[in-house]
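S.K.: In UniProt numbering, the protein residues as written are 1 to 91.
Just so it is clear, CB atoms sit at the ideal spot from N, CA and C, and this is done for glycine as well.
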Amino acid sequence: MIMSTWNDLKKSLTSIKPDEMTAIESLAYLHAQRVKKGISQVELAKRIGMKQPQLAKIENMSSIPSLSTLNRYAEGLGLVATVSFKPVATV
């Protein structure tokens, strides 16, 4: 059985726009941090003033959160959300 890394798989996902991939990776990171810290969805939802089903929708990508909601999610995990901007690469 050949195992692929996320970076290998990501290269083959050509139907996903780069900005959407950034959102997916950000949410995946936050989800992984929640699991790594042993925090349940119920506990995190309580910490950030959200209902667990809302958090589940964000984590399974059924709902795209606002920047404010992402900040709350990060803060609930003891993290700080940052946004950066870069010049567009020209060909």
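If you run the structure through DSSP and keep just helix, strand and coil, what is V80?
M.R.: coil
S.K.: What span of residues does the alpha helix (DSSP H) with A89 cover, start to end?
M.R.: Where A89 is concerned, there is no enclosing alpha helix (DSSP H), given that its DSSP letter is neither H nor E.
S.K.: Can you look up M50 in the DSSP assignment and give me helix, strand or coil?
M.R.: Of the three classes helix, strand and coil, the one that applies to M50 here is coil, per DSSP.
S.K.: Going by alpha carbons, who is nearest to G49 out of T90, S15, A32 and G76?
M.R.: G76
S.K.: Can you grab the Cα-Cα spacing for the pair V42 / A56, in whole Å?
M.R.: When rounded, the separation of the alpha-carbon atoms in V42 and A56 is 9 angstroms.
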